[in-house]
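Only one structure is covered here, and it is reproduced in the block below.
In full-length UniProt numbering, the protein residues as written are 1 to 266.
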């Protein structure tokens with residue numbers, strides 16, 4: 001399990017080492033604290049190592065902190081860290097540019113130990129929330145999302161059917177079972193579902209079950225056979241076949257690739 005990383009970019013050695021010492025004690029080994037004396041060195045680190053948070057001075061020779069953040073946002077580095085800017089001058093122009101660059105916080109020198117740690121904790125929390133949002137968007141099935149977004153326009157029986165399926169998604173679900181729950185004839189329910197959801201009942205169930213399976217693949221260490229069972233599939237072979245049909249890869253490869261791409265440690 002790799003330690004997460006905080007990068008301090010500051011051309012003044014005393015200030016740079018002071019912040020490193022404060023954050024090193026605060027982190028207690030949970031974060032690796034790296035430093036760079038200028039923007040060029042910082043970019044090299046950002047291109048090689050995933051960084052959760054970057055704290056950078058604004059006024060530095062060669063490349064300002066604002067230029068560093070701007071360049072970082074333009075490049076496709078491994079991950080975009082949260083940013084805290086530090087300045088010895090309370091200049092409105094800096095604050096304006098910081099907002100434009102989506103900087104999490106703006107500290108004035110000299111920042112106290114308490115203020116620095118508070119700012120770091122808030123920035124890391126904001127970064128985690130943003131990462132979770134991006135992660136869930138990448139994992140979500142767009143066709144299921146489209147149904148959810150149009151939920152208000154669905155008829156009561158279809159909404160009730162979807163709610164029922166959500167409650168029983170980890171069990172085998174049949175069309176007749178759900179149709180009976182909403183008091184409709186099976187054939188009529190099937191046609192109504194396809195008309196309103198733009199996919200047939202069996203496809204919706206398959207997509208929703210695979211969505212649940214993907215969550216378990218990424219968030220747990222459960223064996224694939226157990227995940228197949230927990231999503232209502234009687235055989236792993238059929239689960240693997242269906243997963244590959246929809247995702248273009250096996251469940252095992254999906255777990256390996258996504259964990260590697262997102263940096264999530266299971």
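Backbone N, C-alpha and C fix where the C-beta goes; we use that ideal spot for every residue, glycine too.
Problem - Beta-ladder partner(s) of residue 105, from DSSP - result: For this step, residue 105 is matched to residue 105 along the chain shown. Note: residue 105 sits in a beta bridge opposite 84.
Problem - Three-pair Cβ contact test at 8 Å for the stretch 69-80 versus the stretch 137-144 - result: no
Exercise for the section: Answer yes if the stretch 44-52 comes into contact with the stretch 18-30, meaning at least three C-beta pairs across the two stretches below 8 Å, and no otherwise. Expected result: no
Practice task
Could you give the DSSP three-state label for residue 154: helix, strand or coil?
Solution key: By 1-based counting over the chain shown, the position of residue 154 is 154. Looking at residue 154 - three-state DSSP - the assignment turns out to be coil, as it is neither helix nor strand.
Exercise for the section: Below 8 Å on the Cβ atoms is my guess for residue 217 versus residue 254; work out the distance and round it to an integer in Å. Expected result: Taking the first residue of the chain shown as position 1, residue 217 is located at position 217. Taking the first residue of the chain shown as position 1, residue 254 is located at position 254. 6 Å between Cβ atoms; contact.
Problem - Secondary structure of residue 9, DSSP reduced to three states - result: Counting from one through the chain shown, the residue named residue 9 turns up at place 9. Of the three classes helix, strand and coil, the one that applies to residue 9 here is strand, per DSSP.
Practice task
In angstroms with no decimal places, state the Cα-to-Cα distance between residue 134 and residue 122.
Solution key: Reading the chain shown from its first residue, position 134 is the one you call residue 134. Reading the chain shown from its first residue, position 122 is the one you call residue 122. Taking the straight line joining both Cα atoms gives about 19 Å.
Practice task
With DSSP as the reference, please indicate the residues paired to residue 31 in a beta bridge.
Solution key: If you number the chain shown from 1, residue 31 lands on position 31. Looking at the DSSP assignment, residue 31 forms a beta bridge with 4.
Handout entry: Coarse secondary structure for residue 36, derived from DSSP in three states
Key = For this step, residue 36 is matched to residue 36 along the chain shown. In this structure, residue 36 counts as strand in the three-state DSSP scheme.
Handout entry: For residue 57: DSSP bridge partner residues
Key = Within the chain shown, residue 57 is the residue found at index 57, counting from 1. The partner list for residue 57 (beta bridge, DSSP) reads 86.
Exercise for the section: Since I believe residue 84 is in contact with residue 109 (beta carbons under 8 Å), could you give me their beta-carbon distance rounded to a whole number of angstroms? Expected result: On the chain shown, residue 109 is found 109 positions in, with the first residue counted as 1. On the chain shown, residue 84 is found 84 positions in, with the first residue counted as 1. Going by Cβ atoms, the distance from residue 109 to residue 84 rounds to 12 Å, so no, they are not a contact pair.
Problem - At least 3 beta-carbon pairs within less than 8 Å: the stretch 123-132 vs the stretch 177-191 - result: no
Handout entry: Rounded C-alpha distance that separates residue 30 from residue 127
Key = For the purposes of this step, residue 30 is taken as residue 30 along the chain shown, with counting starting at 1. For the purposes of this step, residue 127 is taken as residue 127 along the chain shown, with counting starting at 1. The alpha-carbon atoms of residue 30 and residue 127 are separated by roughly 16 Å.
Handout entry: Segment contact flag, the stretch 39-47 with the stretch 63-70, C-beta cutoff 8 Å, min 3 pairs
Key = yes
Practice task
Spatial neighbours of residue 94 within its chain, please: CB distance less than 8 Å, with the 5 preceding and 5 following residues excluded, ordered by chain position.
Solution key: Stepping through the chain shown from its first residue, residue 94 is reached at position 94. For residue 94, where only same-chain residues beyond five positions count, the Cβ hits under 8 Å are 58, 66, 85, 87, 106.
Practice task
Would you decide whether residue 148 is buried or exposed? Buried here means 16 or more other CB atoms lie within 10 Å of its CB.
Solution key: Here residue 148 is taken as the residue at index 148 of the chain shown, counted from 1. With fewer than 16 other Cβ atoms within 10 Å, it is exposed.
Exercise for the section: Going by CA-CA distance only, name the one from 226, 8, 201, 4 that's closest to residue 158. Expected result: The sequence position of residue 158 within the chain shown is 158, counting from 1. The residue among 226, 8, 201, 4 with its C-alpha nearest the C-alpha of residue 158 is 201.
Handout entry: Cβ-Cβ distance between residue 243 and residue 213 below 8 Å
Key = The count along the chain shown starts at 1 and reaches residue 243 at position 243. The count along the chain shown starts at 1 and reaches residue 213 at position 213. In this structure, residue 213 lies closer than 8 Å to residue 243 by Cβ.
Handout entry: First and last residue of the uninterrupted alpha helix (DSSP H) at residue 207
Key = Here residue 207 refers to the residue found at position 207 of the chain shown. Per DSSP, residue 207 is one residue of the alpha helix (DSSP H) stretching across 201-219.
Handout entry: Cut-off 6 Å between Cβ atoms - residues of its own chain near residue 196, not counting five sequence neighbours on either side
Key = Within the chain shown, numbered from 1, the residue matching residue 196 stands at position 196. Hits under 6 Å: 154, 158.
Handout entry: Nonlocal neighbours in the same chain, by C-beta distance under 8 Å from residue 198, ignoring five residues either side
Key = Position 198 of the chain shown, counted from the first residue, corresponds to residue 198. Counting only Cβ-Cβ distances below 8 Å, and skipping sequence neighbours, we find 143, 146, 147.
Practice task
Look at the alpha carbon of residue 257 and the alpha carbon of residue 183, and state the distance between them as a whole number of angstroms.
Solution key: Counted from its first residue, the chain shown places residue 257 at position 257. Counted from its first residue, the chain shown places residue 183 at position 183. Cα to Cα, the separation comes out at about 43 Å.
Practice task
Could you name the residues of the same chain whose beta carbon sits closer than 7 Å to that of residue 20, not counting the 5 residues immediately before and after it, in chain order?
Solution key: For the purposes of this step, residue 20 is taken as the residue at position 20 of the chain shown. Counting only Cβ-Cβ distances below 7 Å, and skipping sequence neighbours, we find 8, 33, 35.
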